[in-house]
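Peer 1: Before anything else, here's the structure in question.
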Amino acid sequence: MRKWNETLTKLMRLAGNEVCIAYDACPLNGLLLNIDGYSMRRSILPWMSYSEWAYKATIASMSDVIVSGGKPMAILYSVGCNEESSLIEVAKGVGEASSYLGSRVLKGDANKAEVEPWIDVASVGSVYKKIVCRKGAKEGDMLLQVGYLGYGTLSEKIMRGEVRDIEEKALEKTKRPHLEVMAYRPISLFATSSSDNSDGWISTLYNIIDSSNVKVELERVVVDPDLMEYVKEEEAIKSWEDYSFAVTVPPEGFEEFMKECKALGIACFSVGRVSKGYGLYYKGVPVKDEGWSW
Amino acid sequence: MKVNWENVEGVATSLKAFGLRNALLLEERLDPQFSAINALSSRIGKGYSAAYALAVSLISYKLAMKGEDWWACFSSFFSEKGVPKGYEELFNNVVNFVNSCRGSIIGREKKLKRVRLFFANGKEIVLEVIKRPETILESPSSLLKRVARSVNSSEWRKTVTFSIKMAYYAIKERGEMKPLYAEIPIPMDSRISCITYTSALVDSKGYKEIVSNPRPAIEAWKAVSKGSGIPPVHLDTLLWVTGWAPRDLSPDAAKERVAGVLSRVSKREVAISVAKCLVKRPCK
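Protein chains in written order, with the working numbering: chain A, 122 to 415; chain B, 394 to 677.
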């Protein structure tokens, strides 16, 4: 993981965007911008359609904007497919996700892929109050989990054949994870740092740990109640593509944050704290950085 | 919700011009389900393939993969198993298939329960189909009734009607123009409901209303079948292969797409006329 982070830093230096290194979505003149891309074979779950693949890619891209304190505004996408029918499915998925996000789709770019299909989704949001990045967590801050965990772990268990019977709504959530769209409000108002869970919960927490140079003591992991039958808490700590958020909040902002969550119907949980030192500790045990990488 | 008889007549007339022969050609050229089941039949024989198709169709709902992938999984799994040595092995193979093909993960236990019920109550049906596969062509309506009874279901239920269609696919050979003459209701899934709405065969608020109350639509397609001379099973395939065009595209683009699909086996002007009748309004 560390080696991959070094590569990313090198790439950013070469492209000239190191300024965005501590941001899930990068700020520009009151806007927050992000782009995410996927090759199909490495990202589509075997039970997903093209439209669900595109839906998830769109949610994933905007998730970074929301976790940075941005209100969703617009989506732009570029796709490469082998067949026209797949392009139609993708457009449908992007459109559905955009409606869910309360956003609008601006430009779309359709291409003929000679080999493997791919998609890139760019997201634009407006800063609600203040921009929140990975850097900024301080000793004494509370650690909050916004949204649920477990969708990625469930997908992995299904693919390994460890889940043999599942309810439709649980499987649906692996394709269309529940994203707390309105979370940009409490995050922008009260958070000191934040990061979204796309590559794994551990790596999400390390985004904050590395950028803020702090120690995070994680006490619990909250699994989506619809997934409890299939995913244990200890398994969910490695869950990926859940698009839940890790947020740090100073003790004086905690009550206000939770009040805002309640008013907006957002699932927010106090799950740990930030302390002096470095690294991640789950129930007192050190946890090494790991997650999806190259 | 009422049947619009004027539109029923219009659709029937255009489909009569399209013809049964073209509907059969469309089936074997464009339906991937036919290709999958046909491949299995050539490997293990029509009878066993039909028996498997009957059983698996009955649990072909809420699949965690596309229909064509499910039937490809079916075909490769049972091809590998070869010819079963007896009823017990046939039953075990179906159970193993349900347990191993990922498409059946949603409600797998319920699916297995249905398989067990079918093999417990439908032994005569299975053995008869294995011994005399032609019974599917000779007495499909009676087969439909017996299959429905074996799983305590109704004849118009989607998986039950679907089972007869898939069993027919198992015994149909490429190039063989033998239609399945049976008053089998068209399985009303969301795709067929959508085209029922766009062709305005019933006066409904949208296609979801047709999904939840399919009876008037079934009646309308039964009349279309009678008027066009295309049995419902083949009508179903014709509608199925036109895909989601009426839902995904504007009416003009959808008409063009449907005409494009149908003109692969018929004259362009006939295909356009059918497409015009099938896509009168957007699918909502």
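Glycine residues also receive a C-beta, built at the ideal position from the N, C-alpha and C atoms.
Give me the DSSP bridge partner(s) of Gly-568(B).
Peer 2: One-based indexing of the second sequence puts residue 568(B) at position 175. Per DSSP, none; premise fails for Gly-568(B).
Peer 1: Count the other CB atoms, across all protein chains shown, that sit within 10 Å of the CB of Pro-372(A); report buried if there are 16 or more and exposed otherwise.
Peer 2: Here residue 372(A) refers to the residue found at position 251 when the first sequence is read from its first residue. The residue is exposed, with fewer than 16 neighbouring Cβ atoms inside 10 Å.
Peer 1: Against chain A, does Lys-551(B) count as a neighbour if the rule is that its beta carbon must be under 8 angstroms from one of theirs?
Peer 2: Here the question's residue 551(B) lines up with position 158 in the second sequence. No - not a single Cβ of chain A is within 8 angstroms of the one on Lys-551(B).
Peer 1: In chain A, which residues lie less than 8 angstroms from Gly-403(B) when you measure between Cβ atoms?
Peer 2: Mapped onto the second sequence, residue 403(B) falls at position 10. Per Cβ cutoff of 8 angstroms: no residues; Gly-403(B) is ~28 angstroms from chain A at best.
Peer 1: Return the residues of the segment 155-185 of chain A that lie within a Cβ-Cβ distance of less than 8 angstroms from chain B, sorted by chain order.
Peer 2: Within the segment 155-185 of chain A, the qualifying residues are Pro-167, Trp-168 and Ser-170.
Peer 1: Could you tell me whether the segment 402-410 of chain A touches the segment 339-354 of chain A, where touching means 3 or more Cβ pairs closer than 8 angstroms?
Peer 2: Because the criterion of three Cβ pairs below 8 angstroms is met, the segment 402-410 of chain A and the segment 339-354 of chain A touch.
Peer 1: Hey, does Lys-213(A) have any beta-carbon neighbour from chain B nearer than 8 angstroms?
Peer 2: Translated into the one-based positions of the first sequence, residue 213(A) becomes position 92. So yes, Lys-213(A) belongs to the interface.
Peer 1: Under a Cβ-count criterion, where at least 16 other Cβ atoms within 10 Å of its own Cβ denotes burial, should Asn-415(B) be classed as buried or exposed?
Peer 2: Counting from one through the second sequence, the residue named residue 415(B) turns up at place 22. By the 10 Å Cβ count, Asn-415(B) comes out buried.
Peer 1: Any beta-carbon of chain B closer than 8 angstroms to the one on Ile-287(A)?
Peer 2: Translated into positions along the first sequence, residue 287(A) becomes position 166. Cβ-Cβ to chain B under 8 angstroms: yes for Ile-287(A).
Peer 1: For Leu-642(B), collect the residues of the same chain with a Cβ closer than 7 angstroms to its Cβ; drop the 5 residues on either side in sequence, then sort them by chain order.
Peer 2: Locating residue 642(B) in the second sequence gives position 249, where the first residue counts as 1. Once the five neighbours on either side are set aside, the close Cβ partners of Leu-642(B) are Arg-650.
Peer 1: Taking Cβ-Cβ distances below 8 angstroms as the criterion, which residues of the segment 262-279 of chain A are in contact with chain B?
Peer 2: Listed by position along the chain: Ile-279.
Peer 1: Our contact map puts Leu-300(A) next to Ser-184(A) with C-beta atoms below 8 angstroms; I'd like the distance itself, whole angstroms only.
Peer 2: Position 179 of the first sequence, counted from the first residue, corresponds to residue 300(A). Position 63 of the first sequence, counted from the first residue, corresponds to residue 184(A). Their Cβ separation, rounded to whole angstroms, is 6 angstroms, which keeps Leu-300(A) and Ser-184(A) in contact under 8 angstroms.
Peer 1: Using only alpha-carbon positions, find the residue among Leu-264(A), Trp-361(A) and Arg-162(A) that is nearest to Pro-298(A).
Peer 2: Walking along the first sequence from the start, residue 298(A) turns up at place 177. Among Leu-264(A), Trp-361(A) and Arg-162(A), the Cα nearest to that of Pro-298(A) belongs to Trp-361(A).
Peer 1: In chain A, which residues lie with their C-beta within 8 angstroms of the C-beta of Asn-489(B)?
Peer 2: Position 96 of the second sequence holds residue 489(B). Within chain A, no residue comes near Asn-489(B); the closest Cβ sits about 12 angstroms away, beyond 8 angstroms.
Peer 1: Using a Cβ cut-off of 9 angstroms, pull out every chain A residue sitting near Asn-492(B), in sequence order please.
Peer 2: Position 99 of the second sequence, counted from the first residue, corresponds to residue 492(B). Per Cβ cutoff of 9 angstroms: Arg-285.
Peer 1: What number of angstroms, rounded off, separates the C-alpha of Glu-283(A) from the C-alpha of Lys-294(A)?
Peer 2: To locate residue 283(A), count along the first sequence from 1; it is residue 162. To locate residue 294(A), count along the first sequence from 1; it is residue 173. Taking the straight line joining both Cα atoms gives about 18 angstroms.
Peer 1: Between the alpha carbons of Arg-550(B) and Ala-291(A), how many angstroms are there, rounded?
Peer 2: Residue numbering aside, residue 550(B) sits at position 157 when the second sequence is read from its first letter. Residue numbering aside, residue 291(A) sits at position 170 when the first sequence is read from its first letter. Cα to Cα, Arg-550(B) sits roughly 26 angstroms from Ala-291(A).
Peer 1: What's the C-alpha gap between Ile-487(B) and Val-404(B)?
Peer 2: Here residue 487(B) corresponds to residue number 94 of the second sequence, with the count starting at 1. Here residue 404(B) corresponds to residue number 11 of the second sequence, with the count starting at 1. It is Val, not Ile, that sits at residue 487(B) in the sequence shown. Near 40 angstroms, if we compare the C-alpha coordinates of Val-404(B) and Val-487(B).
Peer 1: Applying a beta-carbon distance threshold of less than 7 angstroms, which residues of chain B neighbour Ile-209(A)?
Peer 2: Position 88 of the first sequence holds residue 209(A). Within 7 angstroms Cβ-Cβ: Asp-641.
Peer 1: Of the residues Glu-517(B), Leu-505(B), Arg-509(B) and Gly-515(B), which one's Cα is nearest the Cα of Arg-285(A)?
Peer 2: Locating residue 285(A) in the first sequence gives position 164, where the first residue counts as 1. Among Glu-517(B), Leu-505(B), Arg-509(B) and Gly-515(B), the Cα nearest to that of Arg-285(A) is on Leu-505(B).
Peer 1: Alpha carbon to alpha carbon, how far is Glu-399(B) from Arg-507(B)?
Peer 2: As a working note, residue 399(B) is residue 6 in the second sequence. As a working note, residue 507(B) is residue 114 in the second sequence. Computed Cα separation, rounded: 41 angstroms.
Peer 1: Excluding the 5 residues flanking Ile-523(B) on each side, which residues of the same chain have their C-beta closer than 7 angstroms to its C-beta?
Peer 2: Here the question's residue 523(B) lines up with position 130 in the second sequence. Within the same chain, Ile-523(B) has close Cβ partners Gly-440, Tyr-441 and Ala-444.
Peer 1: Would you please verify whether the beta carbon of Lys-601(B) is less than 8 angstroms from any beta carbon of chain A?
Peer 2: As a working mapping, residue 601(B) is identified with position 208 in the second sequence. No, its Cβ sits nowhere closer than 8 angstroms to a Cβ of chain A.
Peer 1: Output yes or no for whether 8 angstroms exceeds the beta carbon distance between Glu-289(A) and Ile-499(B).
Peer 2: The count along the first sequence starts at 1 and reaches residue 289(A) at position 168. The count along the second sequence starts at 1 and reaches residue 499(B) at position 106. The answer is yes: Cβ separation under 8 angstroms.
Peer 1: Between Tyr-590(B) and the rest of its own chain, which residues show a CB-CB distance below 7 angstroms, the 5 nearest in sequence each way excluded?
Peer 2: Walking along the second sequence from the start, residue 590(B) turns up at place 197. Closer than 7 angstroms at the Cβ level, and outside the excluded window around Tyr-590(B), lie Ser-597, Gly-599, Tyr-600, Ile-603 and Cys-676.
Peer 1: Could you tell me if Tyr-249(A) is buried or exposed, where buried requires 16 or more neighbouring beta carbons within 10 angstroms of its beta carbon?
Peer 2: The count along the first sequence starts at 1 and reaches residue 249(A) at position 128. Under this definition Tyr-249(A) is a buried residue.
Peer 1: Looking only at DSSP bridge pairs, what is Leu-264(A) linked to?
Peer 2: Residue 264(A) sits at position 143 when you count from the first residue of the first sequence. Paired residue(s): Thr-369(A) and Gly-393(A).
Peer 1: What are the start and end residues of the alpha helix (DSSP H) that includes Asn-232(A)?
Peer 2: As a position in the first sequence, residue 232(A) is number 111, starting the count at 1. Per DSSP, Asn-232(A) belongs to no alpha helix (DSSP H); it is in the beta strand (DSSP E), 225-233.
Peer 1: Is the CB of Arg-501(B) under 8 angstroms away from at least one CB in chain A?
Peer 2: Numbered from its first residue, the second sequence carries residue 501(B) at position 108. Chain A contact via Cβ: present.
Peer 1: With respect to the alpha helix (DSSP H) encompassing Ser-244(A), which residues constitute its N-terminal and C-terminal limits?
Peer 2: Residue 244(A) sits at position 123 when you count from the first residue of the first sequence. Note, Ser-244(A): premise wrong, no alpha helix (DSSP H); beta strand (DSSP E) at 239-248.
Peer 1: Is there contact between the segment 216-233 of chain A and the segment 264-278 of chain A, where contact requires at least three CB pairs shorter than 8 angstroms?
Peer 2: Not touching, per the Cβ criterion.
Peer 1: Determine the chain A residues that contact Ile-498(B) at a beta-carbon separation under 8 angstroms, and present them in chain order.
Peer 2: Numbered from 1 along the second sequence, position 105 holds the residue referred to as residue 498(B). What Ile-498(B) touches in chain A: Trp-168, Ile-279, Val-284, Arg-285, Asp-286, Ile-287 and Leu-292.
Peer 1: Suppose you measure from the CA of Ala-465(B) to the CA of Gln-426(B); what does that come to, to the nearest Å?
Peer 2: As a first step, residue 465(B) must be located in the second sequence, where it is residue number 72. As a first step, residue 426(B) must be located in the second sequence, where it is residue number 33. The straight-line gap from Cα to Cα measures roughly 8 angstroms.
Peer 1: Could you tell me the distance, in whole angstroms, from the CA atom of Asp-262(A) to the CA atom of Asp-317(A)?
Peer 2: Along the first sequence, read from residue 1 onward, the residue named residue 262(A) stands at position 141. Along the first sequence, read from residue 1 onward, the residue named residue 317(A) stands at position 196. Each residue's Cα considered, the two are about 18 angstroms apart.
Peer 1: Among the residues of its own chain, which have a CB less than 8 angstroms from the CB of Ser-468(B), if the five just before and after it don't count?
Peer 2: By one-based count along the second sequence, residue 468(B) stands at place 75. Only Ala-429, Ile-430, Ala-432 and Leu-433 meet the Cβ criterion.
Peer 1: Give the residues of chain A in contact with Ala-457(B), contact being defined as C-beta atoms less than 7 angstroms apart.
Peer 2: On the second sequence, residue 457(B) is found 64 positions in, with the first residue counted as 1. What Ala-457(B) touches in chain A: Trp-168 and Leu-292.
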